[in-house]
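Okay, structure first, notes after.
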Amino acid sequence: MFLILYCFCYRTMQPKGKRGKAAEPKNNEQNTEGTSSNNTNNNRERKEKVVEVVEDSSHSASLNEQLEMICNIIIDLQEKKISETNEDHLQDIVLLLDDMKNKNVDVEWLHQRLVEILQAREVLKQTSMLKEKREFSRQKVENAEKELKEKERDRDGLAILLKVACAEVADCKEKLDATRNESARIDETIADSESKADCFLNCSLVDDLL
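Everything in the sequence shown is counted per the UniProt record's numbering, starting at 1 for the first residue and increasing by one.
As structure tokens, then:
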């Protein structure tokens, strides 16, 4: 797997722009005149070639290091689910790829994937927050429904009590009316009786007879 990734990355991440200068062919023709000048030129050419070899070696070593880092990044991403990734770690990888891009290394394909992963993480984070809000809202709805049912039971209970109280009030009114009527009849009987007895009060019992 690592070898496949290495070959794939090597093809896709070749630096863009200037390459190492090709070695110039040797001039086999020797000029018998100006030997000192030719020796100087040969020394200069050898120095230039040494510099080119060093530059090519440094470039190759740097390229291999970058290639190995890219392979490690791909393997790391391949072995993880998005829920197992760390945002700070992903941001560090993006910065590393930005640095490679600044060095004209073609890693835009991997950089874009990292950006997409970060965006997906943000979407999942927002979705998770919305799910929490939805659960909180659902709980509030359940509590409100429960409270409403309790109040409706209280109302129904009070309605029954009110009905009983109204019946009791009506019964009390009937009793009150009956008692008042009875009291009125008693008063009337007393008045009638007193009027009949008044003629014998304060006078002789045989008045009007003699």
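Yeah, the Cβ is synthetic: ideal placement off N, Cα and C, and Gly gets one too. The structure presented is a predicted model; accordingly, all values stated were derived computationally and were not measured.
Rounded to the nearest whole angstrom, the C-alpha separation of N64 and K101 is 15 Å.
By the neighbour-count definition (other C-beta atoms within 10 Å, threshold 16), L130 is an exposed residue. Each residue's CA atom was taken as its position, placing S183 and A191 some 12 Å apart.
A distance of 8 Å or more separates the beta carbons of I73 and I117. DSSP places C71 in the helix class (H, G or I) of the three-state scheme. Closest in C-alpha terms to D106, from the list I160, I70, I186 and C172, comes I70. Here DSSP, grouped into helix, strand and coil, assigns V107 to coil. The shortest C-alpha to C-alpha distance from Q112 to any of V123, I93 and S128 is the one to I93.
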